[in-house]
Amino acid sequence: MKRALMAVALVAMLPGLAPLSSVHAQHLPQLARADADAALAAIRLDGADNEFVSFERADFRRGTYTFTNVVINLERDEATPAGVVHAARMILDSPRLDSAGRLRLHAFVLEDIEQVLDEGEIGFTLGRVRLEAPNAEMSANLGRVLRGDRGAEVGADKDLYRFGVLSVDDAVEPDREPDAGASFSFDRLAFVGYTDNALQRFELLGLTATVESDAGTNNLELAELSVDGLRISSPFSVLDLFAADPAESGFFRSYLDMEMGEQLDLFDRLRVRDFRAAIPGQQVSLDEFVVTMESQDDVLDTQMRLGSLRIVPNPQHPAGERLSDRFGQLGYETLDLSLEGHSVYDPQSGRVFTTGENYLALRDGFRLDFTHDFSGYPEFLANQRRLLGTSSATVDGKTAPDSEGLSAAADPLVINRIALRLEDDSMLERAYAAGAVAQGITPAEMRSQAGILVMVGLMSAPPEMPQILVTQLASAVSTFLAQGGTLEIVMQPPVPVSIGEIRAGSEAGAIDFEALGLAVSAEAPPGR
């Protein structure tokens, strides 16, 4: 995988992209050949000595130079030998020099590409790499790379790069030895509309990968990972995605800073489609996961849907056999989870609240609906930002989280209402059956024991808990365990109460339960 990312990074510095027809469709003035020849001479693609790029033939037509049988030398230094890259064609659309003598162009394309390592092994193959509408800084750096420059100025201004499209199509890295990394392929990797701190679209399509580990072989498939309307409020370079350690790159630091910052509309839409993972002991599949964010008059509406996440044990593998046994105890061959959420944040009022459908469900198991309404959300975010910028303590040379700070960060959140509604869909019956087998009793006896355990537990309830709440809790939970149906817990304080107030009361051993507005109820299943 590292080799392919290196290839993409090369392309990013060596721009490669977009259908030339789309470029010509902009009705750009046709370039005079003399201007194109001057540009090629400046970057040593006129037949002069060039240690980085060589080619068999160059043809000029309608403002575009097409080079055939191109060889690119990737041996940038002895410590990281990378062999050479062969490309059937390299296309420079409208190459010319600006007033400062730097290369400018409308598009750059490499086609039918393969990396050949020093020992003759094929490192990776790419169908096409395209760059469309690079800005002045990116075009100029492309010129430096093609000319074979190796100075510090090469790539130094990458944070200034902007472009219309940067894409790689039909990438393949062949099978390798287990200790040589993953083998993979993808149909398309594209960045579209990269402007100041914004990316119109990112997409990764048709990914397959095989990763060897001590536990065995992991096979991954992904039809689509895409993000539309990505926005980052601080400077970054999309090319940081191809850094040796992308988690430490400016892109991810900027994104994490923003995620805890004032800007919450991170993107318009994120989509994961048809994910499959065959890992030792189990198979995991996800049909679709979608998150949308829409901001109107500063009010942010966020919706999330996880269609179907399925986990299937493989009993032929030792780890899968254990997992299959656990599933079987509850009468499952497969776990099928779904999730939906819809929240609204109004920074003017400081409220964040749920609306519409909000639930987690296990097919043939349960459905947990949840709603909330909090105030004080801006103050909570401000605390998160302070925590992000505060150095953590070190214990025995290791970074330790600021536990006190983490606890106090939520203090400003004010609870207007929280509700949980658990609906049984055979989970109780399955749990009783499994418990009965383990203890050698009948499911009915197991059900009775569960009710007794609840009553024993409530006997140790804090003395400050109102008796009416204890009775309500005992009745509702016992009824739910006995007959199924639904169990609902609601917290709706008569006067909104903050997390900080609750925490202070808990630490002092004097929680005011009546001020919490707690209520618990149970409802029998339909037909009972």
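Counted the way the working numbering counts, the sequence shown spans residues 1 to 528.
Positions of the beta carbon are idealized from the N, C-alpha and C atoms, including for glycine.
Please read all numbers here as calculations on a predicted model, not as lab measurements.
Check                                                                                                           : Outcome
Own chain partners of L309 with C-beta closer than 6 Å, once the 5 adjacent residues on each side are dropped   : L286, L337
Three-state secondary structure assigned by DSSP to D149                                                        : coil
Meets three-Cβ-pair contact criterion under 8 Å: the stretch 123–141 and the stretch 85–105                     : yes
Alpha carbon of Q26 to alpha carbon of E132, nearest angstrom                                                   : Summary for Q26: the model assigns pLDDT 45, below 50, so the residue's position carries little reliability; its value from the coordinates is reported in the next sentence. Spanning the two alpha carbons is a distance of roughly 12 Å.
Same chain, Cβ closer than 6 Å to S498, neighbours up to 5 away in sequence not counted                         : V414
Three-state class that DSSP yields for Q303 in the structure shown                                              : strand
Counterpart residues of S338 in DSSP-defined beta bridges                                                       : A361
Which of helix, strand or coil DSSP assigns to R144                                                             : helix
Contact under 8 Å by Cβ, A529 with T486                                                                         : A question about residue 529 goes unanswered here, because the residues of the chain that appear run from 1 up to 528.
CB of L330 within 8 Å of CB of A434, strictly                                                                   : yes
Nearest-angstrom beta carbon gap, A461 and V454 [assumed within contact, 8 Å]                                   : With 8 Å as the limit, V454 and A461 do not qualify as a contact, their Cβ atoms being about 11 Å apart.
Minimum Cβ-Cβ distance from S99 to chain C less than 8 Å                                                        : Looking for chain C here will not work: only one protein chain is present.
Environment of A39 [buried if 16+ CB atoms lie within 10 Å]                                                     : buried
As assigned by DSSP and simplified to three states, the class of E212                                           : strand
Test item: CB-CB of L117 and A87 under 8 Å                                                                      : no
Spatial neighbours of P525 in its chain, beta-carbon cut-off 6 Å, leaving aside the 5 residues before and after : G484, G485
Exposed unless 16 or more other CB atoms sit within 10 angstroms - verdict on S21                               : Because S21 carries a pLDDT of 39, less than 50, the predicted location of this residue cannot be relied on, and the following value inherits that uncertainty. The residue is exposed, with fewer than 16 neighbouring Cβ atoms inside 10 Å.
DSSP beta-bridge partners of F163                                                                               : Y194
Within 8 Å, strictly: CB atoms of D42 and G120                                                                  : It should be pointed out that residue 42 corresponds to Ala in this sequence rather than to Asp. It is not a contact, given that the beta carbons lie outside the stated cut-off.
Contact set for R44: own chain, Cβ-Cβ below 6 Å, skip 5 residues either direction                               : N50, R147
Simplified DSSP assignment, three categories, for L473                                                          : helix
For S324, the first and last residue of its enclosing alpha helix (DSSP H)                                      : 318–329
Alpha-carbon spacing of H24 relative to T195, whole angstroms                                                   : Legend: pLDDT at H24 = 36, less than 50; position of this residue unreliable, value from coordinates given subsequently. Roughly 21 Å separates the two Cα atoms.
L458 (DSSP reduced to helix, strand or coil)                                                                    : helix
Proximity winner among Q283, L360, L205, relative to R305 (alpha-carbon distances)                              : L360
Collapsed DSSP secondary structure at F275 in the structure displayed                                           : strand
Any non-hydrogen atom of the ligand NAD closer than 7 Å to S407 Cβ                                              : This structure does not include the ligand NAD; it has no bound ligands of any sort.
Cα-Cα separation between Q316 and F327, rounded to whole angstroms                                              : 15 Å
Opening and closing residue of the alpha helix (DSSP H) in which Y377 lies                                      : 377–388
Whole-Å CB distance - S167 paired with R130, under 8 Å assumed                                                  : 5 Å
Buried/exposed call for N219, threshold 16 Cβ in 10 Å                                                           : exposed
Backbone secondary structure at A39 - three-state DSSP                                                          : helix
Spatially closest choice to Q467 from L481, I91, E514, P494, by CA coordinates                                  : E514
Alpha-carbon spacing of T371 relative to A419, whole angstroms                                                  : 5 Å
Euclidean distance between Cα positions of L516 and F267                                                        : 36 Å
Any beta strand (DSSP E) of 3 or more consecutive residues that is wholly inside the stretch 409–469            : 414–424
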